[in-house]
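Engineer: So this note's numbering is basically just the index in the sequence shown, starting at one, shifted up by 1.
Glycine included, every Cβ here is placed at the ideal spot set by N, Cα and C.
Predicted, not measured: the structure shown is a model, and the values here were computed from it.
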Amino acid sequence: MAIIRKVGVVGAGQMGAGIVQVFAEAEYDVVVVDASEPTLQKAVESIDKRLASRVEKGTLAAEQKENIMGRIRTTSKLEELAECDLIEEAIPEDLELKKDLFAKLDRICKSETIFGTNTSGLSVTDMAAAVKRGDRLLGMHFHNPAPVMKLLELVRTIVTSEETIDAMKAFGVTLGKTVVVAPDVGGFIVTRLFTPFLLGAVSMLEEGIATKEEIDVSMRMAVNHPMGPLEVVDFIGLDTELSIAETLYEETKDPKYAPPLLLRKMVTAGWLGRKSGKGFYDYTK
Ligand SMILES: NC(=O)c1ccc[n+]([C@@H]2O[C@H](COP(=O)([O-])OP(=O)(O)OC[C@H]3O[C@@H](n4cnc5c(N)ncnc54)[C@H](O)[C@@H]3O)[C@@H](O)[C@H]2O)c1
Numbered sequence: 002m003a004i005i006r007k008v009g010v011v012g013a014g015q016m017g018a019g020i021v022q023v024f025a026e027a028e029y030d031v032v033v034v035d036a037s038e039p040t041l042q043k044a045v046e047s048i049d050k051r052l053a054s055r056v057e058k059g060t061l062a063a064e065q066k067e068n069i070m071g072r073i074r075t076t077s078k079l080e081e082l083a084e085c086d087l088i089e090e091a092i093p094e095d096l097e098l099k100k101d102l103f104a105k106l107d108r109i110c111k112s113e114t115i116f117g118t119n120t121s122g123l124s125v126t127d128m129a130a131a132v133k134r135g136d137r138l139l140g141m142h143f144h145n146p147a148p149v150m151k152l153l154e155l156v157r158t159i160v161t162s163e164e165t166i167d168a169m170k171a172f173g174v175t176l177g178k179t180v181v182v183a184p185d186v187g188g189f190i191v192t193r194l195f196t197p198f199l200l201g202a203v204s205m206l207e208e209g210i211a212t213k214e215e216i217d218v219s220m221r222m223a224v225n226h227p228m229g230p231l232e233v234v235d236f237i238g239l240d241t242e243l244s245i246a247e248t249l250y251e252e253t254k255d256p257k258y259a260p261p262l263l264l265r266k267m268v269t270a271g272w273l274g275r276k277s278g279k280g281f282y283d284y285t286k
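1) Do residue 69 and residue 12 count as a contact pair if the criterion is CB distance below 8 Å?
2) What residue range does the alpha helix (DSSP H) around residue 73 cover?
3) Along the chain, where does the beta strand (DSSP E) containing residue 88 start, and where does it finish?
4) With which residues is residue 30 paired in a DSSP beta bridge?
5) Alpha carbon to alpha carbon, how far is residue 35 from residue 252? Give it in angstroms, no decimals.
6) What ranges does the alpha helix (DSSP H) occupy inside the stretch 101–170, keeping only unbroken runs of at least 4 residues that lie completely in it?
7) Let me check one thing: in DSSP terms, what residues is residue 279 bridge-paired to?
8) If I follow the unbroken alpha helix (DSSP H) through residue 39, where does it start and stop?
9) Whole angstroms are fine: how far does the CA of residue 124 sit from the CA of residue 118?
10) Going by DSSP in three states, residue 174 sits in which element: helix, strand or coil?
11) Look at the Cβ atom of residue 256, then the Cβ atom of residue 203, and state whether they are nearer than 8 Å.
12) Which word fits residue 258, buried or exposed, when buried means at least 16 other C-beta atoms lie within 10 angstroms of its C-beta?
13) Taking only the alpha-carbon atoms, compute the straight-line gap between residue 51 and residue 178 and give it to the nearest angstrom.
14) Closest by CA to residue 106, which one among 153, 80, 95, 152?
15) Can you tell me which of the three DSSP states residue 182 falls into?
16) Keeping to the same chain, check which residues put their C-beta closer than 7 Å to that of residue 41; ignore five residues upstream and five downstream.
17) Should residue 11 be listed as close to ligand 1, given that the test is whether its C-beta is under 7 Å from any heavy atom?
18) Using three-state DSSP, classify residue 209 as helix, strand or coil.
19) Taking the straight line between their C-alpha atoms, what separation do you get for residue 115 and residue 45?
20) Per DSSP, what kind of secondary structure is residue 61 in: helix, strand or coil?
21) Are there 16 or more other CB atoms within 10 angstroms of the CB of residue 133, so buried, or fewer, so exposed?
22) Can you look up residue 190 in the DSSP assignment and give me helix, strand or coil?
23) For chain D, find out if any of its Cβ atoms is closer than 8 Å to the Cβ of residue 43; answer yes or no.
24) Taking all protein chains shown into account, do 16 or more other C-beta atoms lie within 10 angstroms of the C-beta of residue 1, making it buried, or fewer, making it exposed?
25) Does the beta-carbon of residue 193 have 16 or more other beta-carbons within 10 angstroms, so that it is buried, or is it exposed?
This is the structure in structure tokens:
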């Protein structure tokens, strides 16, 4: 079975930064690549800040924190991933972008390297078709925030080898995650089930049935969700949510996945949620 020692992460945004932390905490050496230098800096700072707060609370030793931070290396060059045993991508939810990235990595990386995608619902099979090592490419869907959420959803395409799935199941356990294996259908298990609920909340707001606060407080108080659905969409990113809905609707033609017009308009306006400072709620204050 493939032995994983050194891991690469491409994309250091919301998900990438959390995934880097998960890998480094599990004692893997991590090389992280992002197209934007300030994003790399911000990712490292955010990991440092989260670990520092655990040191303050006494749940992590200062020395452990330094060891975790010492395992993380940032770069803007994909070539520095050549010797990684596993590469997880967390770049935006755009199939062409991801296919292009994997085709480049396929040329750069040693032949044994396994490729994982953090896509929320794009076709993993399409990504496998963009590389020569389709048997060593799979979905590795972490949930947000990656250091907190315990599920790792692996996605198996018809070309993923059993050996790759077994190696990644074992790897997921070393990260302290509960691993499930889903088929490569739009949205896999989690996103396929959760998306109609989130879109329903946006439609309810759009139709004027309830205010955003009423919708969110109702789900928090009645179903014990830690966040209301509109707060969740702000947290995920409205652009990401729109892209997920479009992919699912395209594949299934099921109206429960049709993106509400309000979501589309908010994305056009640049209201992307927490990451842009404004979504259903205002985060600028
Ligand atoms: N946001 C969520 O809640 C969530 C949850 C689970 C999965 N996902 C999935 O994870 C992936 C990333 O989502 P995110 O919310 O972290 O996005 P994000 O926009 O926060 O981060 C994407 C990062 O990728 C970088 N990037 C773009 N193109 C690049 C390239 N070619 N090479 C290197 N870096 C590049 C950008 O600079 C940015 O920092 C998406 O596929 C998304 O669907 C998101």
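Structural biologist: Looking at the atomic coordinates:
1) no
2) Note, residue 73: premise wrong, no alpha helix (DSSP H); beta strand (DSSP E) at 73–76.
3) Here the beta strand (DSSP E) through residue 88 covers 87–90.
4) 7
5) 30 Å
6) Listed in chain order, the alpha helix (DSSP H) elements of length 4 or more contained wholly in the stretch 101–170 are 125–130.
7) Answer is 274, 283.
8) 38–58
9) 10 Å
10) helix
11) In this structure, residue 203 does not lie closer than 8 Å to residue 256 by Cβ.
12) buried
13) 19 Å
14) 80
15) strand
16) 13, 33, 35, 75
17) Distance from the C-beta of residue 11 to the nearest heavy atom of ligand 1 is below 7 Å.
18) coil
19) 24 Å
20) coil
21) Residue 133 is classed as exposed because its beta carbon has fewer than 16 other beta carbons within 10 Å across all chains shown.
22) coil
23) Here there is only one protein chain, and chain D is not present.
24) Given that the chain is displayed from residue 2 to residue 286, the structure contains no residue 1 and the question cannot be resolved.
25) The residue in question, residue 193, is buried, as its Cβ has 16 or more Cβ neighbours within 10 Å.
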